[in-house]
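> Okay, here's the structure, questions in a sec.
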Amino acid sequence: MTDLDEAAAVFTSVRPRLFGIAYRMLSSASEAEDLVQDVWLRWQAYDRSVVENPGAFLATTTTRLAINALQSARARRETYIGPWLPEPVDTSADPYLGAERGEALEFAALLLMEKLTPNERAAYVLREAFDYPYAQIADILHSTEPAVRQLVSRAKKHVTGERKAPVNAEAQRELLTNFLAAARSGDMAALEKMFTVDVTSLSDGNGAHQVSRYPVDGASKIARFLTTISSWYWEGLTIRWAETNGRTAAVLEKDGAVQAVLTVSGTDDGIDQVLWMMNPEKLAAV
Numbered sequence: 049m050t051d052l053d054e055a056a057a058v059f060t061s062v063r064p065r066l067f068g069i070a071y072r073m074l075s076s077a078s079e080a081e082d083l084v085q086d087v088w089l090r091w092q093a094y095d096r097s098v099v100e101n102p103g104a105f106l107a108t109t110t111t112r113l114a115i116n117a118l119q120s121a122r123a124r125r126e127t128y129i130g131p132w133l134p135e136p137v138d139t140s141a142d143p144y145l146g147a148e149r150g151e152a153l154e155f156a157a158l159l160l161m162e163k164l165t166p167n168e169r170a171a172y173v174l175r176e177a178f179d180y181p182y183a184q185i186a187d188i189l190h191s192t193e194p195a196v197r198q199l200v201s202r203a204k205k206h207v208t209g210e211r212k213a214p215v216n217a218e219a220q221r222e223l224l225t226n227f228l229a230a231a232r233s234g235d236m237a238a239l240e241k242m243f244t245v246d247v248t249s250l251s252d253g254n255g256a257h258q259v260s261r262y263p264v265d266g267a268s269k270i271a272r273f274l275t276t277i278s279s280w281y282w283e284g285l286t287i288r289w290a291e292t293n294g295r296t297a298a299v300l301e302k303d304g305a306v307q308a309v310l311t312v313s314g315t316d317d318g319i320d321q322v323l324w325m326m327n328p329e330k331l332a333a334v
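Every letter in the sequence shown is one number past the one before it in this note's numbering, and letter 200, counting from 1, is 248.
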């Protein structure tokens with residue numbers, strides 16, 4: 049085995065973890081793929097003889113590049129038209145996306161993580177999803193262990209404090225199934241009963257035709273909106289199930305082309321978020 053073959057084997061063994069870190073940091077499968085490719089190029093060119101722990105070195109490189117990429121991504125999003133949602137990622141083969149557990153992967157969590165600083169987000173992702181020791185996170189972030197503990201604590205309060213406990217995967221699929229049946233039939237009363245009081249519907253189209261550029265808030269408003277479009281929107285659409293971000297999503301297709309990815313998040317009180325991904329540039333992963 050050549051030195052480069054060995055480097056490739058090491059990289060391949062940790063690649064799922066690197067992608068998992070990059071995706072949770074950037075909320076974009078395509079941007080995460082590009083970043084991991086950049087890490088591979090750097091690993092190829094690096095003097096690997098001085099690296100004692102390749103896995104730790106590659107995770108550190110990935111995290112630091114992701115922090116830089118997140119800062120520029122946020123600047124780009126300032127010109128985004130309408131609500132911005134994470135790019136869905138297929139988790140059917142790897143439900144935890146390279147991590148010990150599927151933390152910081154659901155849409156609701158990713159949306160809340162957008163409000164964290166890049167360092168808070170990195171500390172939270174490495175600790176909660178990948179169970180990195182605080183000392184190692186401190187090395188990665190050029191920080192101290194007490195400072196990292198504070199970063200993780202602040203991030204956890206923000207991410208868990210702003211949402212009620214989500215329902216399990218089976219209950220979420222049932223909510224989505226019932227939602228689709230009521231939305232397609234235009235059953236306004238059934239829709240209203242499914243929603244929490246503070247439910248929000250977000251459609252990500254980046255200015256695409258016939259995609260709402262504003263959030264729709266409140267059970268009655270969303271039910272009325274869905275009832276209004278039921279007479280034409282669902283015509284010719286077929287639905288197939290997918291697992292995105294660890295939860296069930298509906299892939300809406302017309303004439304073989306993906307039109308949207310639709311999912312809901314819910315609590316014991318009902319559906320609290322209806323999320324429509326309708327930006328063609330973000331549908332490649334499904």
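C-beta atoms are modelled at their ideal positions from N, C-alpha and C, and glycine is treated no differently.
Quick one: grab the DSSP three-state call for Thr286.
Your numbering for residue 286 matches position 238 in the sequence shown. DSSP places Thr286 in strand when its eight states are reduced to three.
> Excluding the 5 residues preceding and the 5 following Thr286 in the sequence, name in chain order all residues of the same chain whose CB lies nearer than 7 Å to its CB.
What you label residue 286 is simply residue 238 of the sequence shown in a count that begins at 1. These residues qualify, in order along the chain: Glu301.
> Are the region 286–299 and the region 125–132 touching, with three or more C-beta to C-beta distances below 8 Å?
Contact fails: fewer than three Cβ-Cβ distances are below 8 Å.
> Using the C-alpha atoms, what's the distance from Trp280 back to Ala217?
Within the sequence shown, the letter at position 169 stands for residue 217. Within the sequence shown, the letter at position 232 stands for residue 280. Approximately 30 Å between the Cα atoms of the pair.
> If you drop the 5 nearest sequence neighbours on each side, which residues of the same chain put their C-beta closer than 7 Å to that of Gln185?
What you label residue 185 is simply residue 137 of the sequence shown in a count that begins at 1. Residue 185 is actually Ile in this sequence, not Gln. Excluding residues within five positions, the ones whose Cβ falls inside 7 Å are Ala171, Leu174, Arg175, Val196.
> Under a three-way DSSP split, which group does Phe105 fall into?
The count along the sequence shown starts at 1 and reaches residue 105 at position 57. Of the three classes helix, strand and coil, the one that applies to Phe105 here is helix, per DSSP.
> Specify the secondary structure class of Arg149 as computed by DSSP and reduced to three states.
Position 101 of the sequence shown, counted from the start, is the residue given in the question as residue 149. The answer is coil: DSSP assigns Arg149 none of H, G, I, E or B.
> Would you kindly work out how many angstroms separate the C-alpha atoms of Ser251 and Phe67, rounded to a whole number?
In the sequence shown, counting from the first residue as 1, residue 251 sits at position 203. In the sequence shown, counting from the first residue as 1, residue 67 sits at position 19. Rounded to the nearest angstrom, the two C-alpha atoms are 26 Å apart.
> Would you list the residues sitting across from Leu250 in a DSSP beta bridge?
As a first step, residue 250 must be located in the sequence shown, where it is residue number 202. Paired residue(s): Leu323.
> Taking the straight line between their C-alpha atoms, what separation do you get for Met161 and Gly255?
Residue numbering aside, residue 161 sits at position 113 when the sequence shown is read from its first letter. Residue numbering aside, residue 255 sits at position 207 when the sequence shown is read from its first letter. Each residue's Cα considered, the two are about 24 Å apart.
> Closest to Met325 by C-alpha separation, out of Ala332, Ala308, Gly318, Asp317, would be which residue?
Position 277 of the sequence shown holds residue 325. Nearest of Ala332, Ala308, Gly318, Asp317 to Met325, Cα basis: Ala308.
> Taking all protein chains shown into account, do 16 or more other C-beta atoms lie within 10 angstroms of the C-beta of Pro181, making it buried, or fewer, making it exposed?
Residue numbering aside, residue 181 sits at position 133 when the sequence shown is read from its first letter. Burial call: exposed.
> Go ahead and pull the three-state DSSP assignment for Leu224.
For the purposes of this step, residue 224 is taken as the residue at position 176 of the sequence shown. In the structure shown, Leu224 sits in a helix (DSSP, three-state: H, G or I).
> Is it true that the CB of Pro102 sits closer than 8 Å to the CB of Glu154?
Taking the first residue of the sequence shown as 1, we reach residue 154 at position 106. Taking the first residue of the sequence shown as 1, we reach residue 102 at position 54. Not closer than 8 Å, so no.
> Thinking C-alpha only, which one of Ala203, Asn327, Val247 is nearest His257?
Residue 257 sits at position 209 when you count from the first residue of the sequence shown. Comparing Cα-Cα distances from His257 to each of Ala203, Asn327, Val247, the minimum goes to Asn327.
> Mind checking who Phe243 pairs with in its DSSP beta bridge?
As a first step, residue 243 is located in the sequence shown; it is residue number 195 there, counting from the start. Answer by DSSP bridge pairing, in chain order: Ile319.
> Tell me, to the nearest whole angstrom, how far the beta carbon of Gly318 is from that of Thr225; I am working on the premise that it is less than 8 Å.
Within the sequence shown, residue 318 is the residue found at index 270, counting from 1. Within the sequence shown, residue 225 is the residue found at index 177, counting from 1. Actually they are not in contact, since the Cβ atoms of Gly318 and Thr225 sit about 14 Å apart, beyond 8 Å.
> If we ignore side chains and look at the alpha-carbon of each, how far apart do Thr208 and Gly314 end up?
For the purposes of this step, residue 208 is identified with residue 160 of the sequence shown, where counting begins at 1. For the purposes of this step, residue 314 is identified with residue 266 of the sequence shown, where counting begins at 1. For Thr208 and Gly314, the distance between alpha carbons rounds to 14 Å.
> Does DSSP put Gly314 in a helix, a strand or coil?
Mapped onto the sequence shown, residue 314 falls at position 266. Note: Gly314 maps to strand in three-state DSSP.
> When burial is assigned at 16 or more other CB atoms within 10 Å of the CB, is Val312 buried or exposed?
Indexing the sequence shown from 1 puts residue 312 at position 264. Counting Cβ neighbours within 10 Å, Val312 comes out buried, since at least 16 surround it.
> Would Arg72 be called buried (16 or more neighbouring beta carbons within 10 Å of its own) or exposed?
Residue numbering aside, residue 72 sits at position 24 when the sequence shown is read from its first letter. By the 10 Å Cβ count, Arg72 comes out buried.
> Nearest by alpha-carbon distance to Glu193: which of Ser75, Leu199, Ala183 is it?
Residue numbering aside, residue 193 sits at position 145 when the sequence shown is read from its first letter. The candidate whose alpha carbon is nearest that of Glu193 is Ala183.
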